[in-house]
Amino acid sequence: MTGVEATGGLPRNYLRPCLLLLLGEGPAHGYDLLEQLPALGIERADPGGLYRCLRAMEQEGLVRSWWERSTAGPARRTYELTEEGRDWLHAWAGTLREVHRMVGGYLDRYASLAPALPQTRR
């Protein structure tokens, strides 16, 4: 772009609703969650950030965790959604649905305008 920089990307704190959604699907270990995030648009999640987020969500009562012994390695922490976490999952879904509606409106208007706009070279 010349002279104009577009900002974009995922909503702020998008990791939280993603973790709530994944844990809503069932209990999981941190590494399992990390592997599933790219399917939700988070391509390169920081493992340290993921675990900090899970700890904060646990302190807030959104998730609970426990240690599970493993026969093939060290014990692993398993996380699951709490009832309050499910409430927040529903709230996030409503917020993201509204964002989707607004962005969809923008893209619909752009689609009708774009053919009439001259193309610029990059």
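For the sequence shown, the positions run 195 to 316 when the working numbering is used.
Think of the CB as a built atom: it goes at the ideal place given N, C-alpha and C, for glycine as much as any other residue.
Can you list, in chain order, the residues of its chain whose CB lies under 6 Å from that of residue 225, leaving out five sequence neighbours each side?
none
From residue 208 to residue 249, what distance separates their C-alpha atoms?
16 Å
Residue 271 and residue 261 closer than 8 Å at C-beta:
yes
Residue 228 versus residue 296: straight-line alpha-carbon distance, rounded
29 Å
Quick one, are the C-beta atoms of residue 279 and residue 256 less than 8 Å apart?
yes
For residue 211, I'd like the list of residues in its chain whose CB is within less than 6 Å of its CB, leaving aside the five on either flank, ordered along the chain.
286
C-alpha distance - residue 206 paired with residue 244, whole-angstrom precision
14 Å
Extent of the continuous alpha helix (DSSP H) run through residue 285:
277-307
Taking the alpha carbon of residue 274 as the point to measure from, which residue in 251, 305, 237 and 299 has its own alpha carbon closest?
251
Hey, quick one: how far does the beta strand (DSSP E) through residue 237 stretch, first residue to last?
It is not in any beta strand (DSSP E) - residue 237 carries neither H nor E in the DSSP assignment.
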